[in-house]
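Numbering (the working numbering), first residue to last: 586 to 697.
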């Protein structure tokens, strides 16, 4: 039996120093989520449009570092009210695939 792949990543520039992949891998293992993968992907502001456009159906979500937290706002299909108020998104949820895919931005920094 093949385990479905669900991808997520922290995006930024630079981002190689991020501990998020290690923390997420430990959480996925503790929860028995064998098909989940979390990476650190170096993405500049200029490359963000292309990165988002090219997301395939395996992608579930993204974490963003500055300055992508503001750059992403006009590229999203939906922005949660709190993220709109603070003018920054640190979490992007990927719903669906292909032409029906939507990207929803949220801000979890405010609540910690």
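For glycine and all other residues, C-beta sits at the position ideal for the given N, C-alpha and C.
Who pairs with residue 637 in a beta bridge, going by DSSP? Numbered from 1 along the chain shown, position 52 holds the residue referred to as residue 637. Residue 637 is not bridged to any residue.
Three or more C-beta pairs closer than 8 angstroms, one from the segment 610 to 620 and one from the segment 630 to 639: is that the case here? Touching, no.
At the level of alpha carbons, what is the spacing between residue 599 and residue 675? Here residue 599 refers to the residue found at position 14 when the chain shown is read from its first residue. Here residue 675 refers to the residue found at position 90 when the chain shown is read from its first residue. Residue 599 and residue 675: Cα-Cα distance of roughly 16 angstroms.
Return helix, strand or coil for residue 684, following the three-state DSSP convention. Position 99 of the chain shown, counted from the first residue, corresponds to residue 684. Looking at residue 684 - three-state DSSP - the assignment turns out to be helix.
Given residue 692 as reference, the closest of 650, 594, 686, 681 once Cα atoms are compared: On the chain shown, position 107 is the one that residue 692 refers to. The residue with the shortest Cα to Cα distance from residue 692 is 650.
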